[in-house]
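So the structure is just underneath, and the comments pick up after that.
Protein chains: 2
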Amino acid sequence: MSAALLQGLREALGDSQVLSEGDLSSYELDWRKRFQGKALAVVRPGSTAQVAQVMRLCAEHRVAVVPQGGNTGLVGGSVPDASGSQILLSLQRMNKVRELDPANLTMTVDAGCVLQALQQAADEQGLLFPLSLAAEGSCTIGGNLATNAGGTQVLRYGNTRELCLGLEVVTAAGEIWQGLSGLRKDNTGYDLRDLFIGSEGTLGIITGATLKLYPRPQAKMTALAACPTLDSALALLGLAQQRAGSGLTGFELMGDFALSLVRKHFPLLPQALPPCPWTVLLEISDSESEAHAQALFEGLLETALENGVIEDAAVASSLEQSRALWHVRESIPLAQVEEGLNIKHDIALPVSRIPEFVAQTDAALKAAFPGVRLVNFGHLGDGNLHYNVQAPEGGSAADFLREQEHAVNAIVFDAVTAFQGSISAEHGIGQLKREELALRKSPVALGLMRAIKQALDPQGLLNPGRVL
Amino acid sequence: MSAALLQGLREALGDSQVLSEGDLSSYELDWRKRFQGKALAVVRPGSTAQVAQVMRLCAEHRVAVVPQGGNTGLVGGSVPDASGSQILLSLQRMNKVRELDPANLTMTVDAGCVLQALQQAADEQGLLFPLSLAAEGSCTIGGNLATNAGGTQVLRYGNTRELCLGLEVVTAAGEIWQGLSGLRKDNTGYDLRDLFIGSEGTLGIITGATLKLYPRPQAKMTALAACPTLDSALALLGLAQQRAGSGLTGFELMGDFALSLVRKHFPLLPQALPPCPWTVLLEISDSESEAHAQALFEGLLETALENGVIEDAAVASSLEQSRALWHVRESIPLAQVEEGLNIKHDIALPVSRIPEFVAQTDAALKAAFPGVRLVNFGHLGDGNLHYNVQAPEGGSAADFLREQEHAVNAIVFDAVTAFQGSISAEHGIGQLKREELALRKSPVALGLMRAIKQALDPQGLLNPGRVL
Numbered sequence: 001m002s003a004a005l006l007q008g009l010r011e012a013l014g015d016s017q018v019l020s021e022g023d024l025s026s027y028e029l030d031w032r033k034r035f036q037g038k039a040l041a042v043v044r045p046g047s048t049a050q051v052a053q054v055m056r057l058c059a060e061h062r063v064a065v066v067p068q069g070g071n072t073g074l075v076g077g078s079v080p081d082a083s084g085s086q087i088l089l090s091l092q093r094m095n096k097v098r099e100l101d102p103a104n105l106t107m108t109v110d111a112g113c114v115l116q117a118l119q120q121a122a123d124e125q126g127l128l129f130p131l132s133l134a135a136e137g138s139c140t141i142g143g144n145l146a147t148n149a150g151g152t153q154v155l156r157y158g159n160t161r162e163l164c165l166g167l168e169v170v171t172a173a174g175e176i177w178q179g180l181s182g183l184r185k186d187n188t189g190y191d192l193r194d195l196f197i198g199s200e201g202t203l204g205i206i207t208g209a210t211l212k213l214y215p216r217p218q219a220k221m222t223a224l225a226a227c228p229t230l231d232s233a234l235a236l237l238g239l240a241q242q243r244a245g246s247g248l249t250g251f252e253l254m255g256d257f258a259l260s261l262v263r264k265h266f267p268l269l270p271q272a273l274p275p276c277p278w279t280v281l282l283e284i285s286d287s288e289s290e291a292h293a294q295a296l297f298e299g300l301l302e303t304a305l306e307n308g309v310i311e312d313a314a315v316a317s318s319l320e321q322s323r324a325l326w327h328v329r330e331s332i333p334l335a336q337v338e339e340g341l342n343i344k345h346d347i348a349l350p351v352s353r354i355p356e357f358v359a360q361t362d363a364a365l366k367a368a369f370p371g372v373r374l375v376n377f378g379h380l381g382d383g384n385l386h387y388n389v390q391a392p393e394g395g396s397a398a399d400f401l402r403e404q405e406h407a408v409n410a411i412v413f414d415a416v417t418a419f420q421g422s423i424s425a426e427h428g429i430g431q432l433k434r435e436e437l438a439l440r441k442s443p444v445a446l447g448l449m450r451a452i453k454q455a456l457d458p459q460g461l462l463n464p465g466r467v468l
Numbered sequence: 001m002s003a004a005l006l007q008g009l010r011e012a013l014g015d016s017q018v019l020s021e022g023d024l025s026s027y028e029l030d031w032r033k034r035f036q037g038k039a040l041a042v043v044r045p046g047s048t049a050q051v052a053q054v055m056r057l058c059a060e061h062r063v064a065v066v067p068q069g070g071n072t073g074l075v076g077g078s079v080p081d082a083s084g085s086q087i088l089l090s091l092q093r094m095n096k097v098r099e100l101d102p103a104n105l106t107m108t109v110d111a112g113c114v115l116q117a118l119q120q121a122a123d124e125q126g127l128l129f130p131l132s133l134a135a136e137g138s139c140t141i142g143g144n145l146a147t148n149a150g151g152t153q154v155l156r157y158g159n160t161r162e163l164c165l166g167l168e169v170v171t172a173a174g175e176i177w178q179g180l181s182g183l184r185k186d187n188t189g190y191d192l193r194d195l196f197i198g199s200e201g202t203l204g205i206i207t208g209a210t211l212k213l214y215p216r217p218q219a220k221m222t223a224l225a226a227c228p229t230l231d232s233a234l235a236l237l238g239l240a241q242q243r244a245g246s247g248l249t250g251f252e253l254m255g256d257f258a259l260s261l262v263r264k265h266f267p268l269l270p271q272a273l274p275p276c277p278w279t280v281l282l283e284i285s286d287s288e289s290e291a292h293a294q295a296l297f298e299g300l301l302e303t304a305l306e307n308g309v310i311e312d313a314a315v316a317s318s319l320e321q322s323r324a325l326w327h328v329r330e331s332i333p334l335a336q337v338e339e340g341l342n343i344k345h346d347i348a349l350p351v352s353r354i355p356e357f358v359a360q361t362d363a364a365l366k367a368a369f370p371g372v373r374l375v376n377f378g379h380l381g382d383g384n385l386h387y388n389v390q391a392p393e394g395g396s397a398a399d400f401l402r403e404q405e406h407a408v409n410a411i412v413f414d415a416v417t418a419f420q421g422s423i424s425a426e427h428g429i430g431q432l433k434r435e436e437l438a439l440r441k442s443p444v445a446l447g448l449m450r451a452i453k454q455a456l457d458p459q460g461l462l463n464p465g466r467v468l
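Protein chains in written order, with the UniProt record's numbering: chain A, 1 to 468; chain B, 1 to 468.
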């Protein structure tokens, strides 16, 4: 049975693109090394037609397919299970920019293009593709679309969903839906595009996309501000939105303990401001000039100082200084690794309710686990916190993770639910949060999702065991 | 059978909210007076629970339900068919703003709220709800969501879809999906929200929504520019996007014949510029000040004049002048009515291909129908043209419409298809374009849409005969 399938796959793709021997761990082990799978074979189609051929063969043999881009996901969504019975379909060979239309502000690309390559392709035309996230050097746009990735500029440009105008998708039956579109408006039927986006490969395989581009801003400027409380950080956000409008492209929150880990593990990194309860990194993108951005920042921060919203501030005066500020922000996850394993949460809340949520949940965790330490940072402008729980000092981080993860999650996710938040803001569900989702999503929503899955993938062949 | 249903509906809603006698034409006749239906009864639930009760009763009796908001749709999507067997469900009594959260920049509202009332509710808090369209005084947000309405600020803020964070929906089985969410990020499963948005009441009944709000701009400024060609209008668009970034909130195109009808039928309206092939109305929303917007406009128009992109320009120097410029734009549809019936098209194209499309399609129509006149105007920044075909001068507009509509549509829609455009940019499909959609949408897309419809409404009770 599987010999016939492998034979068919070799005929369709050529022997060299059907891998079933040797070290396949780069395909079979997830990025966080929590999920180790075993594929029946890794296949590497080079075109949409070949992806469709693979899917038709697998449908005929009733063999499951796990699509994979850069394999940088954080929830175990893109590796096969351990059964050795699933086909791992890598999109990495499909990595061409098919068309870039500056006058329409769009580009049409293969799903396997690496995000950074797309940023560069836009930049070479004097344009901006604004999706930006930590894994951009190796993640693919297909994976970004499948998980509706977020990142650091969501405040202004939205998630990956908002950056996509059209898709090309191979269905569970191996048909090709040609939904590539450079249109800003199209009200001709159901929104298939957004259904496939964020479905983590469980409804179809994204093979291509038409993406939005933007004029490149004339200037980008970064500042740090020291806020005494979370309420004052929110007040600063409101003021910045009022003054800068959509010029505000970044508003990142960093708790003092998160920054203290950076100071501890990377003592040579410059610290632009003295320690304070909450540090905010603001970024303005300006369509006029650096001088205009500077004036805007100065006025904004002056008002914030006068109103007692902030206690101190520093504006980066060069691109280099600006990069240094971002570097500190981006060093938080690395500093956490140095400090030891922790229990990560990628949650979203209504922005207005964040101070109350943090106060209550911090207190509940500290009561349940005396000495526990909270690494709290994230995209405050989007209501998205990386609310991570670090073991008490001196104890074993590995033991804490193993023994307390479930109890910690229960406290955090119960609070998220009570505040009408989301247990997965930007990382998705994958395998990691599937059971949690089944418990926490409303039965009506789960029923609708299952009906849609059954309608589009009746044999259950597309990335089984993920999301639902 | 239907007596038992009516009895059940009266018990659920009270006698006064189940109308089956008297003049029901405001519910049964569509806004363009092309579709006259007859309902078994008009029901007016006052709460989401009552909508669910109505749906459960209708499901039990296998009677179809046609949801209706303000009944201002242009494609016959919200009136019952002529059989007298369908229940018309009006959402108009559900018209409360449930919550407005300025710090989260959201409001949660009933589906039956009139759009203008929502604009005002936001304005009273110093905030902006940017959806704006001709019918705003009577259309409802539920209808806007069901049709993914567009309007005049899509360029900056997107269609209704982009303005919605969460929905409350009654399903075909009469269950309530509580998907109201004030979250900017939420990757927990399939995108049910966007599936219901734009589905024209065929997958569920939208009863509530959480909408995005924005800080109100400090200033809004309008200008007119005279462009010798469509290519120069596009060059002006590129320049304006580069200079103003997301401050550019309007870019409306008006062909000379469209404006000549306004001059002819409303000779007292002031004309800010002499006639020219293409007139563009630009609008800038500024988060700083009127002076800043003025300087930006002056710099932009000066460069455009120097580069030969425009031949003339006028900047409104007061709110009154600005309103007068918009008034001319908004008088085009009224001037068309005065001139007589015409054949309307609401099409979208890749922005970059519009000049070529217009040249080819104008020529094809003039060759096929000598003397035919083209009323071409629309939202150029979104690639959305209202490309309307007026009978040759002197002939009977009614005869032309009756005899030639089909042949005219064939030429226009063939060209739209060849240029990878959309036959319905913002008005939707309804009854009017259902057959055209079945002919022009790809079989794979239609197959996916039918599978979803079957999954979510297996009895086919929700707005049958629309879209699919």
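Ideal placement from N, C-alpha and C gives every residue a C-beta, glycine not left out.
- DSSP places W278 (chain B) in the uninterrupted beta strand (DSSP E) bounded by W278 to D286.
- Look at the region 41 to 74 of chain B: it has no residue with a C-beta under 9 Å from a C-beta of chain A.
- The beta-carbon distance between E28 (chain A) and G22 (chain A), rounded to whole angstroms, is 11 Å. This is too long to meet the 8 Å contact definition.
- In this chain, the alpha helix (DSSP H) harbouring T417 (chain A) covers A397 to A418.
- Within the region 150 to 166 of chain B, the residues whose Cβ lies closer than 9 Å to any Cβ of chain A are, in chain order, G150, V154, L155, R156, G158, N159, R161 and E162.
- Your pair L273 (chain B) and L224 (chain B) checks out as a contact, with CB atoms roughly 5 Å apart and the cut at 8 Å.
- For R161 (chain A), the closest C-alpha among the options A:S181, A:F196 and A:D186 is that of A:F196.
- Exclusion of the five residues before and after S85 (chain A) leaves L40 as the residues of its chain whose Cβ lies within less than 6 Å of its Cβ.
- Contact check for L145 (chain A) against L165 (chain A) fails: the beta carbons are separated by 9 Å or more.
- Under DSSP, M107 (chain B) shares a beta bridge with B:L100 and B:L211.
- Residues of the region 75 to 92 of chain B that bring their beta carbon within less than 8 Å of a beta carbon in chain A are absent altogether.
- Between the alpha carbons of A415 (chain A) and G238 (chain A) lies a gap of roughly 25 Å.
- Three or more beta-carbon pairs separated by less than 8 Å are not found between the region 257 to 271 of chain B and the region 347 to 361 of chain B, which leaves the two stretches without contact.
- In the structure shown, D457 (chain B) falls within a coil segment according to DSSP collapsed to helix, strand and coil.
- If the five residues before and after P333 (chain B) are omitted, its C-beta is found closer than 6 Å to no C-beta atom of its own chain.
- Remark: three or more beta-carbon pairs, one from each stretch, lie closer than 8 Å, so the region 100 to 111 of chain B and the region 191 to 210 of chain B are flagged as touching.
- Residue pairing of Y387 (chain B) in beta bridges, as defined by DSSP: B:N376.
- Under the rule that a run must span 4 or more residues, the alpha helix (DSSP H) segments found entirely inside the region 195 to 273 of chain A read 230 to 244 and 256 to 265.
- Taking a beta-carbon distance threshold of 9 Å, K453 (chain B) counts as an interface residue toward chain A.
- Short of 8 Å from the beta carbon of E330 (chain A), and not among the five residues preceding or following it, lie these beta carbons of its own chain, in chain order: A134.
- The region 375 to 395 of chain B and the region 331 to 351 of chain B touch, with three or more beta-carbon pairs separated by less than 8 Å.
- Non-local C-beta neighbours of E283 (chain B) in its own chain, meaning closer than 6 Å and more than five positions away in sequence, comprise T222, T249 and G250, ordered along the chain.
- Each of B:I423, B:K220, B:L91 and B:G189 was checked against the Cα of V18 (chain B), and the nearest Cα belongs to B:L91.
- For W177 (chain B), the beta-bridge partners assigned by DSSP are B:V169.
- In this structure, DSSP gives C58 (chain B) a helical state, which the three-state scheme calls helix.
- Just measuring C-alpha positions, the residue of A:A82, A:E175 and A:P102 sitting nearest S442 (chain B) is A:E175.
- The alpha-carbon of L300 (chain A) is positioned some 48 Å away from that of N463 (chain A).
- Counting other Cβ atoms within 10 Å of its Cβ, H406 (chain B) stays below 16 and is therefore classed as exposed.
- Distance from the CA of S181 (chain B) to the CA of Q119 (chain B), rounded to the nearest whole angstrom, comes to 20 Å.
- At a cut-off of 9 Å between beta-carbon atoms, I197 (chain A) makes contact with chain B.
- For D30 (chain A), the closest Cβ of chain B is not nearer than 9 Å.
- Boundaries of the beta strand (DSSP E) around A314 (chain A): D312 to V315.
- I343 (chain B) sits away from G77 (chain B), with the two beta carbons spaced by 9 Å or more.
- L211 (chain B) is a Cβ neighbour of F129 (chain B), given a cutoff of 9 Å.
- Inter-residue distance for L269 (chain A) and P275 (chain A) is about 14 Å (C-alpha atoms, whole angstroms).
- Distance from the CA atom of T279 (chain B) to the CA atom of A226 (chain B), rounded to whole angstroms, is 5 Å.
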